[in-house]
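One structure is given here, and the rest of the page talks about it.
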Amino acid sequence: MENQIRPHLVLIPPPLKGHITPMLQLATILHSKGFFINIAHTYFNSPNPSNHPNFNFLPFFDGLSNTQITSKNFIDIASTLNTNCASPLKERLIHHKAKLEEHDEKIACIIYDGFFHFIDSLAKELKLPSIVFRTTSATNILTYHVCAHLHAKGYLPLQDSKSSDLVPELDILRFKDLPIFNLTNPHDFLHGISKTLSITPLGVIFNTVESLEDSSLNHLQHLYNVNLFPIGPLHMLSNESNNISILPESDRCISWLNNKARKSVLYVSLGSIASWEEKELTEMACGLVKSRQNFLWVIRPETVTEVIAWLESLSEDIKLGVAEKGCIVKWAPQSEVLAHEAVGGFWSHCGWNSTLESLCEGIPIICQPYFGDQRVNARLLSHVWKVGLEWCNVMEREEIEKVVRRLMVNQEGEELRKRAIELKHEIRLDLSGSSCDALNGLVKCILSGNV
Ligand code: UDX
-16 MENQIRPHLV LIPPPLKGHI TPMLQLATIL HSKGFFINIA HTYFNSPNPS NHPNFNFLPF
44 FDGLSNTQIT SKNFIDIAST LNTNCASPLK ERLIHHKAKL EEHDEKIACI IYDGFFHFID
104 SLAKELKLPS IVFRTTSATN ILTYHVCAHL HAKGYLPLQD SKSSDLVPEL DILRFKDLPI
164 FNLTNPHDFL HGISKTLSIT PLGVIFNTVE SLEDSSLNHL QHLYNVNLFP IGPLHMLSNE
224 SNNISILPES DRCISWLNNK ARKSVLYVSL GSIASWEEKE LTEMACGLVK SRQNFLWVIR
284 PETVTEVIAW LESLSEDIKL GVAEKGCIVK WAPQSEVLAH EAVGGFWSHC GWNSTLESLC
344 EGIPIICQPY FGDQRVNARL LSHVWKVGLE WCNVMEREEI EKVVRRLMVN QEGEELRKRA
404 IELKHEIRLD LSGSSCDALN GLVKCILSGN V
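FYI, the numbering for the sequence shown is -16 to 434, going by the working numbering.
So this is what it looks like as structure tokens:
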């Protein structure tokens, strides 16, 4: 495409860190393949254009300013955004399309996050080719189909007594691993699922690799009967991850890691939405100190407003232990941290990006899923890929001390680390194999107009 006008793509992420990051990574990769990149985004949580001088940014109204997204309001926010953004995005696209047509250019395709389910019909109305990008695992999307079946068969709400039974259609997952389990009001979630399943995409991009999710991808292929493009892990295929932090990253933690022995540090972080209560933080501090392991701990500012005051409230021996063994930061350069040779384990909420980043560096995980797809990912990590520890998930110091030592000190942890290294190599082979093929297939598909 050297001497031609670059074909235009419009990529549309929702305003959530765990979704914007992989979309920008995908944008970087597609830019390197010769496309002109437009990012249509909400004003709320908007990406910083100065970090991406090669992209054009198209902001649109969302009505969400200063909202804090938490695991409790997540479903409401998803529904509000799908309502608020429909007309402003439509206007934006119409305007941009007309501007391009003035110069005999056109939008070759829009690539939107499946979170924004309204875009399916909008693209059809505007006669724009479109592809869906799914930022969670393929297995998680499969569970949406299964949840819809369970609902249709009258299985909902799911009974606690059945929580450890395997879900018939899914083999490996138990009822309690489904994104719908434990929801006080499954109705809203089901409504969202039915909208998301009503999308009739022409193609679906997944941030995954075949060696991890072959079986779920085959199952989805059968259900959708459209082109599936498993192109992942995106952070490995692009070099974008360092530029899109939502908070200033701490450099201090890397120099702290530089002084620690190989594989001696547990990295502790819950991603960008889930958080601990203050009393849980105190139990964690005690459990971590008692485990006598080094730890690098991300506590986001909204988790506890005054970290210093909270630390001061701890008993003297725990305060000393934290100072001796720990490093606490508000936000870390996570990919760099996980790639650091001092890191030997990750205590994670199992968000999909964190899961992939950890797998790519061969780091085993203590799984503490909170909501939605995190439970699915935790089950995959512990029971399918066998690089994660399932534990009782009870936030008491003795339990925490035990699980940290299981991963960092015991033979069990050593086995998981070995397996994690094997898996890392398998994923890296896919990067230059199946993911590369899927990427070339996607480019061909867009250029041929077959989307
Ligand atoms: C959300 C949902 O919680 C998750 O379940 C879903 O799979 C994606 O959307 P989030 O909570 O942000 O994501 O978790 P995750 O997907 O793991 O993404 C977190 C991102 O923030 C990762 O890319 C991670 O590298 C980054 N991060 C996190 C940092 O860069 N620094 C930190 O200190 C913590």
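No residue lacks a Cβ here, since even glycine has one placed at the ideal position from N, Cα and C. From a predicted model like this one, the values you see are computed outputs, not experimental measurements.
query: Where residue 130 falls: helix, strand or coil (DSSP); result: helix
query: Rounded distance between the beta-carbons of residue 314 and residue 238, thought under 8 Å; result: Between residue 314 and residue 238 the Cβ distance is about 16 Å, and since that is not below 8 Å, they are no contact.
query: The ligand UDX heavy atom lying under 6 Å from the CB of residue 330; result: no
query: Same chain only: Cβ atoms within 7 Å of residue 254, ignoring 5 sequence neighbours per side; result: 1, 332, 334, 337
query: Residue 145 versus residue 158 - alpha carbon distance; result: 7 Å
query: CB contact flag (residue 9, residue 217, <7 Å); result: yes
query: Cβ neighbours of residue 395 in the same chain (closer than 6 Å, five flanking residues each side left out); result: 389
query: Heavy atom of the ligand UDX within 6 Å of residue 96 beta-carbon; result: no
query: CB contact flag (residue 215, residue 365, <7 Å); result: no
query: Counted within 10 angstroms of its Cβ, other Cβ atoms place residue 327 as buried (16 or more) or exposed; result: buried
query: Burial state of residue 357 (16 or more Cβ within 10 Å); result: buried
query: Length-filtered (3 minimum) beta strand (DSSP E) runs lying within the stretch 310 to 388; result: 326 to 331, 348 to 350
query: Reference residue 305; option with closest CA among 330, 284, 274; result: 274
query: Heavy atom of the ligand UDX within 6 Å of residue 191 beta-carbon; result: no
query: Terminal residues of the alpha helix (DSSP H) in which residue 1 lies; result: 0 to 15
query: Beta-carbon contacts of residue 52 that lie in its chain and below 7 Å, excluding the five residues immediately before and after; result: -1, 60, 256
query: Within-7 Å CB hit, residue 413 to chain C; result: Reference to chain C is not applicable here, since this structure consists of a single protein chain.
query: Beta-carbon proximity of residue 125 to residue 76, cut-off 7 Å; result: no
query: beta-carbon residue 28 near the ligand UDX non-hydrogen atom, thresh 6 Å; result: no
query: Proximal residues to residue 349 (C-beta, below 6 Å), its chain only, five neighbours per side dropped; result: 330, 372, 386, 390
query: Alpha-carbon spacing of residue 243 relative to residue 353, whole angstroms; result: 30 Å
query: Continuous beta strand (DSSP E) assignments of at least 3 residues falling wholly in the stretch 89 to 144; result: 90 to 96, 113 to 117
query: Neighbour-count burial assignment, residue 362, 16 or more Cβ in a 10 Å radius; result: buried
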